[in-house]
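Visitor: Residue numbers (my numbering): 141 to 384.
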């Protein structure tokens, strides 16, 4: 359990489950942690990567982020330049979230002007769920962070994606985070290959289960959305992302 908590906390701090996974694989290669401990950290990293989408869903869409994001960036950058130690690190974190929210604001503005919807080209049905999951995998491989999930939240909020389509993409994004582990395992030692394979098997298994059971998952998520009076289902989509 301590390994899971450590993996989650480390991912929350650095905002990248990929970095956490690569770090722990490196520790396994160096003999600093055991294979069993690495599996716990990898599972924890999966939970920790949901922190950014939750912040975006709770604050980014409820508040006018264009108003407070620049001050966050400015204050954070100032602290990072003049301060030392923990204060400097806090400044870097503040500036990072400022940049994140500025990016989300630009995404919101851009997405609001998109009139197309995947439904117009038949973006529904079981076959399309696999295609959308593939799109999610590509997003995760390219972005290598929870930015992929945050971008999906923006498209849902802007109405460019339906809730069902976004859920399929979220499942794919979870699978895509294992791509880097697969690359790292090439030519590596046995311990590293075992840790990487554990990450791949876990993510792919959860992804397959998620696509097969997507209909009941969407139904439960919609019920959660109704309880919180969220017409766009952004918070419900976050809950789906947290479970994958």
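For each residue, glycine too, the CB sits at the ideal point set by N, CA and C.
1. Please state if the CB of residue 344 and the CB of residue 168 are separated by a distance shorter than 8 Å.
2. Quick check on residue 227: buried or exposed, where buried means 16 or more other Cβ atoms within 10 Å of its Cβ?
3. Taking 8 Å as the cut-off, decide whether the C-beta atoms of residue 348 and residue 321 are in contact.
4. Does the region 176–185 touch the region 204–223, meaning 3 or more C-beta pairs lie closer than 8 Å?
5. Residue 160 and residue 171 look like a contact to me (Cβ under 8 Å); what is the Cβ gap, rounded to whole Å?
6. Whole-angstrom Cβ separation of residue 313 and residue 279, contact assumed at under 8 Å?
7. DSSP on residue 388, reduced to helix/strand/coil?
8. Check residue 394 in the structure and name its three-state DSSP category.
9. At the level of alpha carbons, what is the spacing between residue 142 and residue 308?
10. Considering only their Cβ atoms, is the gap separating residue 236 from residue 223 smaller than 8 Å?
11. In terms of alpha-carbon separation, which member of 353, 162, 282 and 362 lies closest to residue 270?
12. For residue 338 and residue 182, which I take to be in contact (beta-carbon distance under 8 Å), what is that distance rounded to the nearest angstrom?
13. Once DSSP output is grouped into helix, strand and coil, what is the label at residue 301?
Guide: Based on what the coordinates show:
1. Residue numbering aside, residue 168 sits at position 28 when the chain shown is read from its first letter. Residue numbering aside, residue 344 sits at position 204 when the chain shown is read from its first letter. Going by C-beta atoms, residue 168 is not nearer than 8 Å to residue 344.
2. Locating residue 227 in the chain shown gives position 87, counting from the first residue. Looking at its Cβ environment, which holds fewer than 16 other Cβ atoms inside 10 Å, residue 227 is exposed.
3. Counted from its first residue, the chain shown places residue 348 at position 208. Counted from its first residue, the chain shown places residue 321 at position 181. No Cβ-Cβ contact shorter than 8 Å links residue 348 with residue 321.
4. At 8 Å Cβ cutoff, the stretches do not touch.
5. Translated into positions along the chain shown, residue 160 becomes position 20. Translated into positions along the chain shown, residue 171 becomes position 31. Not really, about 19 Å apart at Cβ, beyond 8 Å.
6. If you number the chain shown from 1, residue 313 lands on position 173. If you number the chain shown from 1, residue 279 lands on position 139. With 8 Å as the limit, residue 313 and residue 279 qualify as a contact, their Cβ atoms being about 6 Å apart.
7. Lying before the first or after the last residue shown, residue 388 is absent from the chain, which here runs from 141 to 384.
8. Nothing can be reported for residue 394: it is not among the residues displayed for the chain, which extend from 141 to 384.
9. Along the chain shown, one-based indexing puts residue 142 at 2. Along the chain shown, one-based indexing puts residue 308 at 168. Cα to Cα, the separation comes out at about 31 Å.
10. Against the chain shown, residue 223 aligns to sequence position 83. Against the chain shown, residue 236 aligns to sequence position 96. Taking 8 Å as the Cβ cut-off, residue 223 and residue 236 do not qualify as a contacting pair.
11. Locating residue 270 in the chain shown gives position 130, where the first residue counts as 1. Comparing Cα positions, the closest option is 353.
12. Reading the chain shown from its first residue, position 198 is the one you call residue 338. Reading the chain shown from its first residue, position 42 is the one you call residue 182. Residue 338 to residue 182, Cβ: 6 Å. Contact.
13. In the chain shown, residue 301 corresponds to position 161, counting from 1. Residue 301 carries a coil assignment under DSSP once its states are collapsed to helix, strand and coil.
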